[in-house]
């Protein structure tokens, strides 16, 4: 293979260089979402060596609990989530649907995503007990989606580096009855 041939397939190769460092926009359409999920998935660990074309191994460190929840329009749903961490600090929790943040809490500070204002909460007193379940009130048909919960951990007190750990995955279905 000559350098010219390598340049022609460089984008395809960089997709899989550790740690899946390819740009999603450079990936073929059918791989973009999977690449984003791999880049965001804290359960994927990547090992590398320093050879010319780095090799890597992927291992799933633990299975993410998956739940199915259903509800009727106008009712309240509780999307389950339990922290396994024994950290005594204030948990930083985020719930999202893909790239859309639904709810985020760090202590008393909260963020409610567009369309969820006044309808979502992870009660602080429950969170401090390890219950990070999302309470979603006044269900709408458009709330049907796959929700993911994350624990965001700072590496050290002074660091801006963060580790994001997937806690649970919840498939919510809402019916019109």
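Residue numbers (the UniProt record's numbering): 1 to 177. Don't be surprised by glycine CBs; every beta carbon is placed ideally from N, CA and C.
Does residue 169 come out as helix, strand or coil in the three-state DSSP assignment? In the chain shown, the residue the question calls residue 169 occupies position 169. If DSSP states are grouped into helix, strand and coil, residue 169 belongs with the strands.
Given residue 91 as reference, the closest of 122, 143, 177 once Cα atoms are compared: Walking along the chain shown from the start, residue 91 turns up at place 91. Ranking 122, 143, 177 by Cα distance to residue 91 puts 122 first.
Could you tell me which residues DSSP puts in a beta bridge with residue 106? The residue you call residue 106 lines up with position 106 of the chain shown. Within the DSSP bridge table, the entry for residue 106 names 92, 109 as partners.
List the endpoints of the continuous beta strand (DSSP E) containing residue 66. Counting from one through the chain shown, the residue named residue 66 turns up at place 66. Segment 66 to 72, the beta strand (DSSP E) holding residue 66.
For residue 98 and residue 148, I'd like the C-alpha separation in whole angstroms. In the chain shown, residue 98 corresponds to position 98, counting from 1. In the chain shown, residue 148 corresponds to position 148, counting from 1. Near 8 Å, if we compare the C-alpha coordinates of residue 148 and residue 98.
Touch check for the region 168 to 176 and the region 71 to 81: three-plus C-beta pairs under 8 Å? Contact between the region 168 to 176 and the region 71 to 81 is present, because at least three Cβ pairs lie under 8 Å.
Using CA coordinates, which residue listed in 134, 128, 67, 153 is at the minimum distance from residue 113? In the chain shown, residue 113 corresponds to position 113, counting from 1. Of 134, 128, 67, 153, the residue nearest in Cα terms is 134.
What number of angstroms, rounded off, separates the C-alpha of residue 69 from the C-alpha of residue 139? Position 69 of the chain shown, counted from the first residue, corresponds to residue 69. Position 139 of the chain shown, counted from the first residue, corresponds to residue 139. In this structure, the CA atom of residue 69 is about 12 Å from the CA atom of residue 139.
For residue 100, the three-state DSSP class (helix, strand or coil): Locating residue 100 in the chain shown gives position 100, counting from the first residue. DSSP, reduced to helix, strand and coil, places residue 100 within a strand of the structure shown.
Out of 120, 108, 74, which has the shortest C-alpha to C-alpha gap to residue 176? Translated into the one-based positions of the chain shown, residue 176 becomes position 176. Of 120, 108, 74, the smallest CA-CA separation from residue 176 is found for 74.
Boundaries (first-last residue) of the alpha helix (DSSP H) holding residue 139: As a working mapping, residue 139 is identified with position 139 in the chain shown. The continuous stretches of alpha helix (DSSP H) do not include residue 139, and DSSP gives it neither H nor E.
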